[in-house]
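Numbering (this note's numbering), first residue to last: 42 to 278. Glycine is no exception: its CB is placed at the ideal position from the N, C-alpha and C atoms. Given the structure is predicted, the values throughout are model-derived calculations rather than measurements.
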Amino acid sequence: MFAGIAGRYDLANRVLSGGVDRSWRRKVMAAAGSPGAGSTVVDVACGTGDLALLFAKAGARVVGVDFTYEMVALAPSKETGRGGDLAWLQGDGLQLPVGDGVADAATIAFGLRNVADRRRCIREMARVVRPGGRVLVLEFSMPQRDAFGRIYRAYLEHVLPRIGGALSGDRSAYDYLDDTVQGWPGPEQLQAEMEEDGLVDCGFERLWRGIACIHRGVVPAPGDGARVTRGSSGSGG
Ligand SMILES: C[S@@+](CC[C@H](N)C(=O)[O-])C[C@H]1O[C@@H](n2cnc3c(N)ncnc32)[C@H](O)[C@@H]1O
Numbered sequence: 042m043f044a045g046i047a048g049r050y051d052l053a054n055r056v057l058s059g060g061v062d063r064s065w066r067r068k069v070m071a072a073a074g075s076p077g078a079g080s081t082v083v084d085v086a087c088g089t090g091d092l093a094l095l096f097a098k099a100g101a102r103v104v105g106v107d108f109t110y111e112m113v114a115l116a117p118s119k120e121t122g123r124g125g126d127l128a129w130l131q132g133d134g135l136q137l138p139v140g141d142g143v144a145d146a147a148t149i150a151f152g153l154r155n156v157a158d159r160r161r162c163i164r165e166m167a168r169v170v171r172p173g174g175r176v177l178v179l180e181f182s183m184p185q186r187d188a189f190g191r192i193y194r195a196y197l198e199h200v201l202p203r204i205g206g207a208l209s210g211d212r213s214a215y216d217y218l219d220d221t222v223q224g225w226p227g228p229e230q231l232q233a234e235m236e237e238d239g240l241v242d243c244g245f246e247r248l249w250r251g252i253a254c255i256h257r258g259v260v261p262a263p264g265d266g267a268r269v270t271r272g273s274s275g276s277g278g
């Protein structure tokens, strides 16, 4: 599916989010501790590279990994030549082609919903991050069932597939987006899973009244598992 829409993916993203996806990616960068020169970041399901490129622009060394060749193949053309080293790999988030503990942070933006086993993907991300480093997940979420939530649901079900389909040439890809977002677990459950999978200091921030969420967790040092905290969340825009 992503191979089929790769060429128009960025355009559809910008139009459907009104450009807000850019500010969300900047928030992920801040949540990762704004890694710069001397830091290494692995961006899983990097797609056409927007998040990876932000980290590289700040001077970090970045490895972008994506399953779909047609998506990741578009990323090098977006490099500006400034900032840290970039490597683009076709690979699987469930079996990352990266060694243990090499990264200061691992990120995944709008990708966790798409992998076959999200728990395994989180564990893989934790594996490649050094103790004390961070795992960050940016993903869509569902707002509460108030007036805003009802309007958003109607947008997801009826407007987004039409516009996304017209822009990308594949309406089914945007029906899939609606289905997977509405079937996605709430942030509390995702946080509990991250904690069960061994991350500590976990928390999340709701974005735009809960239509997206940034999850964070820290890879513990050996013997550091007791510092688990639960449920810190915000409602920032
Ligand atoms: C919605 S796109 C997100 C791309 C990018 N992170 C962004 O923020 O625009 C989802 C991406 O997940 C990738 N993907 C799906 N399953 C994957 C897997 N098992 N391993 C790596 N990437 C995967 C797809 O190829 C696609 O590029």
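Between the segment 186-193 and the segment 215-227, the count of Cβ pairs shorter than 8 angstroms is below three; the stretches do not touch. If you keep only unbroken beta strand (DSSP E) runs of at least 3 residues inside the segment 150-215, you get 170-181.
Residue pairing by DSSP places Gly-105 opposite Asp-84, Trp-129 in a beta bridge. Proximity of the beta carbon of Thr-109 to ligand 1 is indicated: a heavy atom of the ligand is located closer than 7 angstroms. In this structure, the beta-carbon distance from Val-259 to Arg-160 does not fall below 8 angstroms.
One thing to note: Leu-127 has its Cβ within 8 angstroms of the Cβ of Gly-105.
Rounded to whole angstroms, the separation of the alpha carbons of Lys-98 and Val-83 is 14 angstroms. Judged by DSSP in its simplified three-state form, Thr-148 adopts strand.
For the pair of segments examined, the segment 232-250 was found not to touch the segment 141-157: the number of CB pairs separated by less than 8 angstroms stays below three. At the C-beta level, Ala-72 and Leu-231 stay beyond 8 angstroms of one another.
Under the DSSP assignment, Val-69 falls in the alpha helix (DSSP H) whose first and last residues are 61-72.
Nearest Cα to His-199 within the set Ser-182, Asp-220, Ala-116: Asp-220. Short of 8 angstroms from the beta carbon of Arg-212, and not among the five residues preceding or following it, lie these beta carbons of its own chain, in chain order: Pro-202, Arg-203, Gly-205, Gly-206. A residue is called buried once 16 or more other Cβ atoms fall within 10 Å of its Cβ, and Pro-228 is buried on that count.
The residues Phe-181, Ser-182, Met-183, Pro-184, Tyr-193, in chain order, have a CB closer than 8 angstroms to that of Ile-252 in the same chain once the five nearest residues on each side in sequence are set aside.
Remark: the shortest separation between the CB of Met-112 and any heavy atom of ligand 1 falls under 7 angstroms.
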